[in-house]
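Heads up, the thing below is written out as structure tokens.
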Amino acid sequence: MSKKPNQWIFTQSEMSKTPTIMDGLSWEKERIFRAKGGNFIITAGMALKLPPTTTYTAGIYFQRFYMRHSFRTYHHYDLAGTCLFLASKEEETGRRLRDIVTIAVRKARKDDAYKVDENSDDFRRWKETILYHEELVLETLCFDLNLELPYSFVFEILARCAAAPKHALSAIAFTNDFIKTPLCLMYSSQVLAGVAIFLSSQVMRETLFEVKSGKPWWEISAANVELIQDAVETLYVAIMP
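The sequence shown begins at 6 in the numbering used here and counts up one residue at a time.
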């Protein structure tokens, strides 16, 4: 049997047999948990003033973790906080554990103004939870923490097409949101960059062309256009029906 070229890229068939589904939950329920965990990471990352690359890295760790474990066993907020802490260290944008715990408490309570007492049960539980799960996440990910992110591919296309700032902001926003979906488990970063450009072009109602050659953006993309189309279809049909 041939070895998969990338152990972290999964087929739709494999996505239908995740540990959570095999544990008796529906795909719809799992999709909601994945979205909630991803959103927790994004909003906590913004509160911590982390760069999008760190937040995205945390989201990938989170999504990959649940290809090996069930949401029935590990709560999505607990793992989202842990992955954010781990990513902040890996990306060398480290935040103190105290700061991450404080934000996690507020986000879990859905109260950004909540005054967190470091001697409270909430604070202690979150601190212990993150430290306890950190080693589990590392082992689950096989210590494979170095990621190729979509941002560089997005920026390259935008630069070569001299895209307007609003178009760039739209493409980056779509890229950021990928960690709320399992799309980042099914396609490479090059393909995801193409999806982000496609979606932003739809919103802006503007097709980008390379300044130098006049070619449409998909002809200068690092990804195959058929794969980009397939990813867009997967997003609309399988992930966000």
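From the three backbone atoms N, C-alpha and C, an ideal C-beta is built for every residue, glycine too.
Practice task
Give, in chain order, every unbroken run of the alpha helix (DSSP H) that is at least 4 residues long and sits entirely within the stretch 104–191.
Solution key: 126–145, 156–165, 170–182
Practice task
Output the boundary residues of the alpha helix (DSSP H) element that contains residue 222.
Solution key: Taken as a continuous stretch (DSSP letters only), residue 222 belongs to no alpha helix (DSSP H), as it is neither H nor E.
Handout entry: According to DSSP, residues forming a beta bridge with residue 214
Key = 221
Practice task
Would you kindly check if the distance between the Cβ of residue 15 and the Cβ of residue 76 is under 7 Å?
Solution key: no
Practice task
Keeping to the same chain, check which residues put their C-beta closer than 6 Å to that of residue 222; ignore five residues upstream and five downstream.
Solution key: 162, 166, 202, 213
Exercise for the section: Could you have a look at residue 15 and say whether DSSP puts it in helix, strand or coil? Expected result: coil
Exercise for the section: State the Cα-Cα distance for the pair residue 155 and residue 192, rounded to the nearest angstrom. Expected result: 11 Å
Practice task
Indicate whether residue 92 and residue 62 have their beta-carbon atoms separated by less than 7 Å.
Solution key: yes
Problem - Helix, strand or coil at residue 56 according to DSSP, with G and I counted as helix - result: coil
Problem - Rounded distance between the beta-carbons of residue 144 and residue 87, thought under 8 Å - result: Wrong, their Cβ atoms sit about 12 Å apart, outside the cutoff.
Practice task
Measure the C-alpha to C-alpha separation of residue 150 and residue 73 and round it to an integer number of angstroms.
Solution key: 16 Å
Handout entry: Sequence-distant residues of the same chain with beta carbon closer than 8 Å to residue 171, five excluded per side
Key = 209
Practice task
Use the C-beta contact count for residue 175: other C-beta atoms within 10 angstroms, 16 or more gives buried, fewer gives exposed.
Solution key: buried
Problem - Three-pair Cβ contact test at 8 Å for the stretch 53–72 versus the stretch 19–38 - result: yes
Exercise for the section: Using alpha carbons as the reference points, say which of 136, 84, 85 lies closest to residue 103. Expected result: 136
Problem - Straight-line Cα distance separating residue 197 from residue 247 - result: A query on residue 247 cannot be resolved here, the shown segment of the chain reaching from 6 to 246 and no further.
Practice task
List the whole-angstrom C-beta distance separating residue 67 from residue 46, where the pair is believed to meet the contact cut-off of C-beta under 8 Å.
Solution key: 6 Å
Problem - Under the three-state DSSP convention, the category residue 93 falls into - result: helix
Problem - N-terminal and C-terminal residue of the alpha helix (DSSP H) that residue 239 is part of - result: 230–239
Exercise for the section: Can you grab the Cα-Cα spacing for the pair residue 83 / residue 241, in whole Å? Expected result: 28 Å
Exercise for the section: Just the C-alpha distance for residue 43 and residue 108, rounded to the nearest angstrom, thanks. Expected result: 15 Å
Practice task
Return the first residue and the last residue of the alpha helix (DSSP H) that residue 197 is part of.
Solution key: 194–209
Practice task
Can you give me the Cβ contacts of residue 31 inside the same chain, cut-off strictly under 6 Å, excluding the 5 residues immediately before and after it?
Solution key: none
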